[in-house]
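Engineer: One structure coming up, written as structure tokens, with questions to follow.
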Amino acid sequence: MTRWIRRRSAQEVFADFLLWTVVCLPMVFLPGDPYDWEPLSGDDLVAVALAGVSVVTFAVLISRAAPLASMLVVLVMGPWQATKALATVHLWPLDTLVRVGPLNGFTIAIVAFSYLAGRRMARPRTVLGVFGAIFAIGGLLTLISTNGPAPKETVWVPILTGVLITSVLPWMAGLYVRQRQDQRERERRMVAAQARLRERARIAQDMHDSLGHELALIALRAGALEMAPDLAECHRAAASELRQAAGATTARLRQVIGVLADDGGPTDDGGRAPLAPHGEDIAALVERARSSGMTVELAGDPSLAADDDWEGSLVRNAAYRVVQEAITNAARHAPGAPVSVRVDRTPGTVTVSVSNPAPAGAIGDGTGLVGLRERVRLAGGAFNAGPRGGRFEAVARLPYEPGDEKRREPA
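Okay, so the sequence shown: first residue is 8 according to the working numbering, each after it adds one.
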């Protein structure tokens, strides 16, 4: 029994006390059953009222841990009130319970605890079985009743009606509320899970773009240092180890990215492209690659990379990532090969293209290119990458109107 009466929070205690008050006050202060041909009075009425309050108190105490049991407690006490009032018949096997029945407050108790059973029980089939048993027992009792002016055939109607109105319908209302709450909770968890997957995918793409780029430049610098003719052998060996470690770390990074992007995909970033390093544009990115020993040519309209209207925009970030990923791939798969970066602007469109000689069999797993294609698509553009005329070329066409941001600002 103690497992049915568990510790409650202050909020639960207040809610249970409010329930007890709402149910018990009518039971104590409302007049007796006007249809009762043996009305209670005096000490008998007080005793019956105390008995009813005790039953409700017990039902409230176990209502959270055992909602079905609390409903059954009040159901046992309550239905005979409706039977006696509507059918004016005594059921001789339950004569004592009939005397408790005239407490009007039990009708409220049945409605309240039936509703709570629907709200708090996760197995509706169990409750349906209980209701079926109640109907069957009620029908059996009508067959063996011997006292009262109403015919036996009419007694089943008030039993069915009373239980249906005061118990089944409130239970169905509580069940509906519970199912709606469960559905909203499932939807909330689904949205949260999708947000986590998107964030994992975004982190994976950022790691691929940023860390992969830096590791490729480190390997390139170590390789250049390793080839220096005036380098001591011990330093040459250290440079070789650094280059190999950078390559191994890059491979390990791809494995980590695969774990982070699991189920979300490397491109599922929810429309949020990561920002470039603070204060760096395409021109600065190219210059940094040059300082690492790469041969990178920047042509076309380089001023576009430093255009203030472009700063922080989705288009700007997509263009930056296209150049970054292409330079990273060139350093990884075609070290020492010259890289050409071109930025062209036409009315309404900016085209960013990066190309380099493509050695045979130098194409990677394509994870970065898939991410670039999605980023460009989210920015409203189109992306294509692949071998062309002995070179590997990545081309992004993005919508761009210079000064759009300024024109949208209020005068």
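Here a beta-carbon is modelled for each residue, glycine too, at the ideal position from N, C-alpha and C.
1) Could you give the C-beta distance for V359 and A326, rounded to a whole number, given that I count them as a contact under 8 Å?
2) Here's a check: name, in chain order, each residue in its chain whose Cβ is nearer than 8 Å to the Cβ of E416, leaving out the five neighbours to either side.
3) Just the Cα atoms here: how many angstroms apart are R185 and R126?
4) Going by C-alpha to C-alpha distance, which of V118, S16 and A17 sits closest to V63?
5) Quick check on D23: does DSSP put it in helix, strand or coil?
6) Between which residues of its own chain and R339 is the CB-CB distance below 6 Å, once the five residues before and five after are set aside?
7) Distance cutoff 8 Å, beta carbons only. Does G59 sit that close to anything in chain C?
8) Where does the unbroken beta strand (DSSP E) through T358 begin, and where does it stop?
9) State the DSSP-derived secondary structure class of G393, mapped to helix, strand or coil.
10) To which residues of the same chain is S347 closer than 6 Å at the C-beta, ignoring the five residues directly before and after it?
11) Output the distance between the C-alpha atoms of R259 and L204, rounded to the nearest integer angstrom.
12) Would you identify the three-state DSSP class for S347, choosing helix, strand or coil?
13) Pull up the DSSP beta-bridge partners for R195, would you.
14) Taking the continuous alpha helix (DSSP H) assigned at L222, which residues delimit it?
15) What does the alpha-carbon distance come out to for the pair A296 and A255?
16) Pull up the distance between the alpha-carbon of G139 and that of Q201, whole angstroms please.
17) Expressed to the nearest angstrom, what Euclidean distance is found between the alpha-carbon atoms of A341 and A365?
18) With DSSP run on the structure shown, which of helix, strand or coil describes R71?
19) Do you know offhand how far A349's Cα is from V329's?
20) Measure the C-alpha to C-alpha separation of A283 and N324 and round it to an integer number of angstroms.
21) If we count the other Cβ atoms within 10 Å of its Cβ and call it buried at 16 or more, is D354 buried or exposed?
22) How far does the alpha helix (DSSP H) with V293 in it extend, from its first residue to its last?
23) Locate the alpha helix (DSSP H) running through L321, then write down its first and last residues.
24) Per DSSP, Y407 is paired with what?
25) Per DSSP, F399 forms a beta bridge with which residues?
26) Buried or exposed: where does E192 fall if 16 or more other Cβ atoms within 10 Å of its Cβ makes it buried?
27) Could you tell me whether the Cβ atoms of L422 and A392 are closer together than 8 Å?
28) Tell me the DSSP secondary structure of G387 in three-state form.
29) Excluding the 5 residues flanking L75 on each side, which residues of the same chain have their C-beta closer than 8 Å to its C-beta?
30) Could you check where the beta strand (DSSP E) with L171 kicks off and where it finishes?
31) Along the beta strand (DSSP E) that carries L305, what are the first and last residues, could you check?
32) Roughly how many angstroms separate the alpha carbons of A180 and T356, rounded to a whole number?
33) Would you decide whether L257 is buried or exposed? Buried here means 16 or more other CB atoms lie within 10 Å of its CB.
34) Leaving aside the five residues before and after G343 along the sequence, list all residues of the same chain whose C-beta is less than 7 Å from its C-beta, in chain order.
35) Have a look at L249 and T302 and give me their C-alpha separation to the nearest angstrom.
36) Using the three-state DSSP reduction, which class does D237 fall into: helix, strand or coil?
Structural biologist: On the basis of the coordinates in this document:
1) Between A326 and V359 the Cβ distance is about 5 Å, and since that is below 8 Å, they are a contact.
2) Here E416 scores only 40 on pLDDT, less than 50, and its place in the model should not be relied on; the value that follows carries that caveat. The beta carbon of E416 sits closer than 8 Å to none of the beta carbons in its chain outside the five residues before and after it.
3) 5 Å
4) V118
5) helix
6) Closer than 6 Å at Cβ, skipping near neighbours: A223.
7) You won't find chain C in this structure, because it holds only one protein chain.
8) According to the DSSP assignment, T358 belongs to the beta strand (DSSP E) that extends over G355 to P364.
9) strand
10) Cβ within range, chain order: E304 and S362.
11) 21 Å
12) Here S347 carries a strand assignment [DSSP, helix/strand/coil].
13) Note: R195 sits in no beta bridge, so no partner.
14) G219 to E233
15) 21 Å
16) Straight across, the Cα-Cα distance linking G139 with Q201 is about 43 Å.
17) One C-alpha to the other measures close to 7 Å.
18) It is coil, neither helix nor strand.
19) One detail in the question is off: residue 349 reads as Arg in this sequence, not Ala. Whole-angstrom Cα-Cα distance: 11 Å.
20) Caution applies to A283, whose pLDDT of 48 falls short of 50 and renders its modelled position unreliable; the model cannot decide the point.
21) The identity of residue 354 in the sequence shown is Pro, whereas the question assumes Asp. Flag for P354 reads exposed.
22) I289 to S298
23) L321 to H340
24) G355
25) N363 and P394
26) Counting of Cβ neighbours within 10 angstroms places E192 among the exposed residues, the total staying below 16.
27) Not covered by the structure: residue 422. The range shown for the chain is 8 to 418.
28) Reduced to three states, the DSSP call for G387 is coil.
29) So the qualifying residues of the chain are A124, M128, T133, V134 and V137.
30) Annotation: L171 is outside any beta strand (DSSP E) and is labelled neither H nor E by DSSP.
31) V303 to G307
32) 59 Å
33) Here residue 257 turns out to be Thr, not Leu, going by the sequence shown. By the neighbour-count rule (16 or more Cβ atoms within 10 Å), T257 is buried.
34) none
35) 21 Å
36) coil
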